[in-house]
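Residue numbers (my numbering), protein chains in the order written: chain E, 17 to 415; chain B, 17 to 415. Just so you know, even glycine gets a beta-carbon here, dropped at the ideal spot from N, CA and C. Report on the structure given below.
2 protein chains.
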Amino acid sequence: MDLVVGTMFKELAGAAEGLRALLERCGPVTRSEAVHLAAARGRVLSEDLESPVNLPAFNRAAMDGYAVRAADTRGASPLAPVYLKVDDEAGEGRCVPVRTGMAAPPGADAVLMMEDSLLRGEELEATAEVHPYRNIARVGEDVALGETVLKEGHRLRPPDIALLASLGLTNAKVYERPKVAIIPTGGELVPLFSDQRPLPGQAREANGLICEMYAEIWGGSSRKTQIVEDDAGLIKDAISENLDADLILISGGTSVGEEDYAPPIIEEMGELLVHGVRITPAKPTALGFIDETPVICLPGYPVAALAALYIFARPLITMMAHRTDLPRAVPAKLAGKIVSRPGYLTFARVGLKGGVATPIMTTGAGILSSVARAEGYVLVSEEVEGREKGEMVEVNLIE
Amino acid sequence: MDLVVGTMFKELAGAAEGLRALLERCGPVTRSEAVHLAAARGRVLSEDLESPVNLPAFNRAAMDGYAVRAADTRGASPLAPVYLKVDDEAGEGRCVPVRTGMAAPPGADAVLMMEDSLLRGEELEATAEVHPYRNIARVGEDVALGETVLKEGHRLRPPDIALLASLGLTNAKVYERPKVAIIPTGGELVPLFSDQRPLPGQAREANGLICEMYAEIWGGSSRKTQIVEDDAGLIKDAISENLDADLILISGGTSVGEEDYAPPIIEEMGELLVHGVRITPAKPTALGFIDETPVICLPGYPVAALAALYIFARPLITMMAHRTDLPRAVPAKLAGKIVSRPGYLTFARVGLKGGVATPIMTTGAGILSSVARAEGYVLVSEEVEGREKGEMVEVNLIE
């Protein structure tokens, strides 16, 4: 690909082409780590898991009643009961009271339900016949020793974790989460949650926080550098210090002005594949690799950054994180027209209620408040000029 | 309702009836708390949020270019350019270079794009006309001072949090999460993750962990007591100590044997509404209230416990937690028959792949491994006797 330009977007990449350029050189994370089961929810197994034990480890009564030798009950009925001696041990002609969950005593091979028996002093009147292993959970019935209980790639949900813990396990080997390093750049930015108030021309750095949270939602682990000034040397240093990451997100510094440093730096340090994509409103996005680490430069405008995150970072991070469980788009009917620019993929915010999607009108990519009012977004493809009122569209939920 | 019985389920409640009995006496949590925005993801606002500032707080250049007085560019075109003096301050006949995001200097009311101008020494050749406020984001354009940016009931997603942080906020007032107290009972249980190995007749206590994790997933905050022995006094103590909770889940001790303590205790301490429901495999479930706190007694069998959690605890906890965002059922085609008992709501586990749901055959409610193989479950209603192969069903995903 040879789309790279100096300070102007001479040739823009398509969104799909840009994404493909990233995906085809990346893969799911293969590093793994052992995590305690209590902290393993949502993690993905990196190996098949075989049971170290039988579950149950003993023949377990599955009903409240009397453990018996099935053969002793042969022919028993309300009209022709058989009588068994109630005892502490099982054996011919004897029965042992058991409750659900208890071990069936040696010698007993079935449990006669309470409802099918009547206690008469030290004798039990059995009014039903039971077959061998009736009302008994046999050794290994739930899980047999050595059986594969969960496979590599399985995402751990509460009952899975309970199952593993029931087998006596404490840890599970899972894939590491992809490491996402976030580098916010821009001399005009002041940190969030600080006493520093932005002066005219300044803004609070919020895109880095958005990146951090989404990296986690999509299955990654995130770390964020301090805000880096508009200085090529400082930006290079920040990148160099984070090349161990599985993905670097650089926020800001991607447009075509003289102070936009990130794309030329990627070109210098590695390979700039794309600078400028036909996405409204994420045109200034840049994509590249430094060594084997993919780098996405996100536009500074928050809505544009969000669009670039959803279109490029989400598929990349979820793929790296072995995540296949994230919610998919839902169908909805458009309550109004969406205007879009042909040739550009448009990230159109919509409200969503009862299967009806309402386009949210906004004046620009800077308008973060338009996202607060949006439940989701519709991607309008390059081939069409907007979508008409009444059309069915796929709404991707804003997570 | 008068369904309560001594030690036998004389009359069973329907699942919907049982759930209604819980829901109609409970409501969303109204207590609120201030949380730091960095920790507020997924929380639900307890009040409308008005902006304390204008965003932007200044007229902001929305493009790289030159801040001008729009009037000065009137009639400008490539054939009839107008000339402006490049200066540090704006004013008649003057322009000031600006970059996206910078404050437009006082006196300038528009930005002329770089593309529409040519720098000739200290003069700018303007080749296009701009209208007032063209390429300028005006004070308060994104969010105006005093404007309601997010409403009570809104669940905070990353861009919402970024918006609030951009307004200079650090905390948000959100609803407290419903407190779910979990009391595992049973003398046969040994703690998870301990060196203690279960002896015959014993089992590791895993249901409490399932409850804990689901309470969190569904929007609650959970706490779990130690395992409580089968002793009425100890169980009463554990309940009394947790009556400040919004919901008490008691695991085990709900069947009809002599050692099943929980339902009679609820009756003694408060009101037992339901003991025994027509749900396969969650029949022994009991429902009641002590003071104003709802209590759900879950069966000891793990799959039965899971069914009762999904059918009773999930709607209750999500309602209390103001959660409306959880995934809904997805349609799928049955790859095989599901057998069910008429008159009973059946919790049938299914695998799910590419829109096809495959029933998972199992022999009993104790088989936790059947859940590990299930992506979801189908609820087969009381009115039907199973579902046929090829039928369309709604699959609820196991979260």
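When secondary structure is reduced to three states using DSSP, SER133/E falls in the strand class.
Here the alpha carbons of LEU205/B and LYS240/B stand approximately 15 Å from one another. As DSSP reads the structure, THR309/B sits in a beta bridge with ILE306/B. For PRO280/E, the uninterrupted alpha helix (DSSP H) segment begins and ends at 278-285. Apart from the 5 residues on each side of it in sequence, GLU404/E sits with its Cβ closer than 8 Å to the Cβ of LEU350 and LYS353 in its chain, given in chain order. No Cβ of chain B is located within less than 9 Å of the beta carbon of LEU314/E.
When Cβ-Cβ separations below 9 Å define contact, ASP158/E makes contact with chain B. Among the residues of chain E, those whose CB is under 7 Å from the CB of ARG173/B are ILE414 and GLU415, following chain order.
Exposed is the label assigned to VAL400/B, since fewer than 16 other Cβ atoms lie within 10 Å of its Cβ. Between THR362/B and LEU325/B, the alpha-carbon positions lie close to 14 Å from each other. Separation of ILE312/E and LEU263/E (C-alpha to C-alpha, rounded to the nearest whole angstrom) is 8 Å.
In the three-state reduction of the DSSP assignment, LYS252/B falls in the helix class, which pools H, G and I. Around the CB of GLN218/E, 16 or more other CB atoms lie within 10 Å, so the residue is classed as buried. One alpha carbon belongs to ASP260/B, the other to THR309/B, and they sit about 8 Å apart. Contacts with chain B at 9 Å (Cβ-Cβ) do not include SER238/E. For ALA119/B, the CB contacts under 7 Å within the same chain, skipping 5 residues up- and downstream, are PHE74, ASN75 and ARG76 in chain order.
For GLY292/B, not one C-beta of chain E is nearer than 9 Å to its own C-beta.
When Cβ-Cβ separations below 9 Å define contact, THR334/E makes no contact with chain B. At a cut-off of 9 Å between C-beta atoms, GLU245/E does not count as an interface residue with respect to chain B. Counting C-beta atoms within 10 angstroms of its own C-beta, HIS52/E has fewer than 16 neighbours from the protein chains shown and is therefore classed as exposed. Taking a beta-carbon distance threshold of 9 Å, PRO72/B counts as an interface residue toward chain E. In the same chain as PRO200/B, and ignoring 5 residues on each side of it, the C-beta atoms closer than 6 Å to its own belong to GLU221, GLY224, ILE243 and SER267, in chain order. Taking a cut-off of 8 Å for Cβ pairs, the segment 175-195 of chain B and the segment 387-400 of chain E touch, as three or more such pairs fall below it. Contact check for ALA337/B against LEU368/B fails: the beta carbons are separated by 9 Å or more.
GLU228/B counts as buried, since no fewer than 16 other beta carbons sit within 10 angstroms of its beta carbon.
Distances from the CA of ALA92/E to each of GLU141/E, GLU63/E and ILE295/E were compared; the closest alpha carbon is that of GLU141/E.
Here the segment 186-198 of chain B makes no contact with the segment 102-114 of chain B; the two share fewer than three CB pairs at distances below 8 Å.
Rounded to the nearest angstrom, the Cβ distance from GLU410/B to ALA345/B is 4 Å, consistent with a contact under 8 Å. Closest in C-alpha terms to MET79/E, from the list LEU135/E, THR89/E and TYR149/E, comes TYR149/E. With three or more CB-CB distances shorter than 8 Å, the segment 291-303 of chain E counts as touching the segment 27-37 of chain E. The Cβ of SER133/E sits no closer than 9 Å to any Cβ of chain B. Taking 9 Å as the threshold, the shortest C-beta distance from ASP176/E to chain B falls below it.
Every alpha helix (DSSP H) of 4 residues or more that sits fully in the segment 144-205 of chain B is shown, in chain order, as 174-182. Under the DSSP assignment, TYR393/B falls in the beta strand (DSSP E) whose first and last residues are 392-396.
Nearest in C-alpha terms to MET408/B, of all of VAL372/B, SER256/B and PRO44/B, is VAL372/B. With 16 or more other CB atoms across the displayed protein chains lying within 10 angstroms of its CB, LYS299/B is buried.
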